[in-house]
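Residue numbers (this note's numbering), protein chains in the order written: chain F, 17 to 417; chain Z, 69 to 224. Report on the structure given below.
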């Protein structure tokens, strides 16, 4: 007997609100379907009516967490169209903000994963540490979310010696705490047991379904735009591409923790090797007719902008593909043949741009046929209770570091 | 294999299937093909040169024609594989049988440009709302947004 369960659409104020509709057989998901477009704002059409400079601030508002990712992707593309060589110090600061953004996004994700797995104190710890990064970003850019740092030819604000010192001091703290979480993770069998084997996505499927970012890297594919197609100053910074072979949610957590440690090292390198000189150069207002394809490794994966110019001060076409869209097809694959209790965890594991929505779920009781509406938090409690009762062999799984 | 070697290979092995190829920028190759040859070229690029990752499909309104660009990446190079389809008969073949991950991008093209994707496994709307009028394609250049007059239910 089959049942249809819908999850979402959720909070209308959130970017990429999504409705998941699942066909269930008992507790097992047999089929899943996505319905998008609940927060489609027509940004691509709007961009055609704005000048290039106005579009920097428009692209910034595509996403609240990877706001710097979208502007950098747009700005570096338009710089190529303008045949403009940006200031080196500007590029270093741009990369610094990008890595700080990755740190705050990954810490946010770790907290969400901890919460979905029922490890609430982990959520409290990582979100406390995320505030350290948010404060740094606030201090050097003036804003917590939309940093507004990028401009054609460099960045809009310089950083001074005092700010450099404060970032380096905070970095020591963050590195220590992240290592502490690694230790907790390695010695916490319930956490490992909850994540291991959930949301399997084989290497072949991940490639065929064009997954990106940590989702793809956790399936053992070392694809990272920063290495494959280096932009900004990534060809000068030493770093490693982090992968995992376990193809599950645990692997995705491992990849992100490893990336955090890499990011701390990169931030330290960027600050210690920050070149002197101007942080921006003057950019022309009009752009020759041409096209450019710009790639960027956002915290969630490859972010893509295709920009076509027509000789005026406005773009002819701006195509944006945010990483979450690329991971949706793979998410459906991960959900199939999984448990309904794993939905929050699997869906959170791709790090969609939806994290604090109070979603509603309609559940049909397979025995009595009666329906009831549950809130997302109730569903999570149910999931955690379910796993407390089940005797899982995988509790003996080891943290694969 | 770097972009130059890939460019040489494309120009050597499938020259009869493509219209033109050029290195547009560092690590970017632009390839133009006929609509009918798209699947064959895509399969060649995927199987022989490991272009397994389709980042997205962009549509561009050129007036008389629509340009459809498939952005394919491997570990060194990105190929912008482009086809033209006339506005009078906007049909493109579905590439899902070669790259299953293309489904969402093809559905988006159907919504936004009114392109008819032949043999698409799932032709439903993706982004536009359920009560969106038929025949309105927002990303076409001749489509302008006119805000409808606000009607307050029960108002005057």
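For each residue, glycine too, the CB sits at the ideal point set by N, CA and C.
Assigned secondary structure, residue i (DSSP; H/G/I helix, E/B strand, else coil)
i                     : result
residue 22 (chain F)  : strand
residue 167 (chain F) : strand
residue 317 (chain F) : strand
residue 105 (chain F) : helix
residue 343 (chain F) : helix
residue 306 (chain F) : strand
residue 262 (chain F) : coil
residue 213 (chain Z) : coil
residue 195 (chain Z) : coil
residue 39 (chain F)  : strand
residue 401 (chain F) : helix
residue 67 (chain F)  : coil
residue 373 (chain F) : The predicted position of residue 373 (chain F) is uncertain, since its pLDDT is 26 and thus under 50; no value can be drawn from it.
residue 77 (chain F)  : coil
residue 295 (chain F) : coil
residue 173 (chain Z) : helix
residue 52 (chain F)  : coil
residue 221 (chain Z) : coil
residue 330 (chain F) : coil
residue 162 (chain Z) : coil
residue 312 (chain F) : strand
residue 110 (chain F) : helix
residue 337 (chain F) : strand
Cβ neighbour criterion (16 or more within 10 Å) applied to residue i
i                     : result
residue 401 (chain F) : exposed
residue 215 (chain Z) : exposed
residue 185 (chain F) : exposed
residue 65 (chain F)  : exposed
residue 197 (chain Z) : exposed
residue 69 (chain Z)  : exposed
residue 98 (chain F)  : buried
residue 349 (chain F) : buried
residue 127 (chain F) : buried
residue 88 (chain Z)  : exposed
residue 130 (chain F) : buried
residue 131 (chain Z) : exposed
Pairwise C-alpha distance: residue j and residue i
i                     : j                     : result
residue 158 (chain Z) : residue 51 (chain F)  : 25 Å
residue 255 (chain F) : residue 278 (chain F) : 6 Å
residue 74 (chain F)  : residue 331 (chain F) : 13 Å
residue 298 (chain F) : residue 310 (chain F) : 21 Å
residue 289 (chain F) : residue 180 (chain F) : 11 Å
residue 148 (chain Z) : residue 189 (chain Z) : 24 Å
residue 211 (chain F) : residue 221 (chain Z) : 50 Å
residue 403 (chain F) : residue 134 (chain F) : 10 Å
residue 162 (chain Z) : residue 191 (chain Z) : 11 Å
residue 55 (chain F)  : residue 226 (chain F) : 23 Å
residue 106 (chain Z) : residue 202 (chain Z) : 28 Å
residue 163 (chain F) : residue 83 (chain F)  : 8 Å
residue 146 (chain F) : residue 285 (chain F) : 21 Å
residue 314 (chain F) : residue 174 (chain F) : 23 Å
residue 178 (chain Z) : residue 193 (chain Z) : 8 Å
residue 239 (chain F) : residue 228 (chain F) : 8 Å
residue 94 (chain F)  : residue 116 (chain F) : 23 Å
residue 376 (chain F) : residue 181 (chain Z) : Caution applies to residue 376 (chain F), whose pLDDT of 39 falls short of 50 and renders its modelled position unreliable; the value that the coordinates give is listed next. Roughly 33 Å between the two C-alpha positions.
residue 102 (chain F) : residue 98 (chain Z)  : 25 Å
residue 84 (chain Z)  : residue 139 (chain Z) : 21 Å
residue 233 (chain F) : residue 198 (chain F) : 19 Å
residue 397 (chain F) : residue 325 (chain F) : 51 Å
residue 89 (chain F)  : residue 264 (chain F) : 29 Å
residue 7 (chain F)   : residue 35 (chain F)  : This structure leaves residue 7 (chain F) out entirely; chain F is present only between 17 and 417.
Contact list for residue i against chain F, beta-carbon separation under 8 Å
i                     : result
residue 171 (chain Z) : 345
residue 96 (chain Z)  : 309
residue 89 (chain Z)  : In chain order: nothing, as chain F lies at least about 15 Å away.
residue 217 (chain Z) : The contacting residues do not exist; residue 217 (chain Z) stays about 20 Å from chain F at best.
residue 137 (chain Z) : 322
Chain-ordered chain F contacts of residue i [CB-CB under 9 Å]
i                     : result
residue 128 (chain Z) : 307, 322, 324, 332, 333 and 335
residue 195 (chain Z) : 52, 53 and 56
residue 93 (chain Z)  : 96, 308 and 309
Contacts that residue i makes with chain Z (C-beta to C-beta distance below 8 Å)
i                     : result
residue 224 (chain F) : 120, 167, 168 and 169
Where residue i meets chain Z, residues with beta-carbon distance less than 7 Å
i                     : result
residue 86 (chain F)  : Result: empty, since nearest Cβ-Cβ is about 14 Å, beyond 7 Å.
residue 318 (chain F) : 123
residue 341 (chain F) : 172
residue 38 (chain F)  : Correct list: empty, because the minimum Cβ distance to chain Z is about 16 Å.
Amino acids of chain Z, ordered along the chain, whose beta-carbon sits closer than 9 Å to that of residue i
i                     : result
residue 60 (chain F)  : 180, 206 and 207
residue 92 (chain F)  : Result: empty, since nearest Cβ-Cβ is about 12 Å, beyond 9 Å.
residue 179 (chain F) : The premise fails here: residue 179 (chain F) is roughly 34 Å from chain Z at the closest Cβ pair, so nothing lies under 9 Å.
Residue ranges of each alpha helix (DSSP H) within the stretch 213 to 255 of chain F, 4 or longer: 219 to 224, 229 to 233 and 241 to 244
Unbroken alpha helix (DSSP H) runs of length 4 or more, entirely within the stretch 93 to 146 of chain Z: which are they? The qualifying runs are 106 to 117.
Could you tell me which uninterrupted alpha helix (DSSP H) segments, each at least 4 residues in length, are contained entirely in the stretch 126 to 205 of chain F, listed from first to last along the chain? 136 to 157 and 177 to 202
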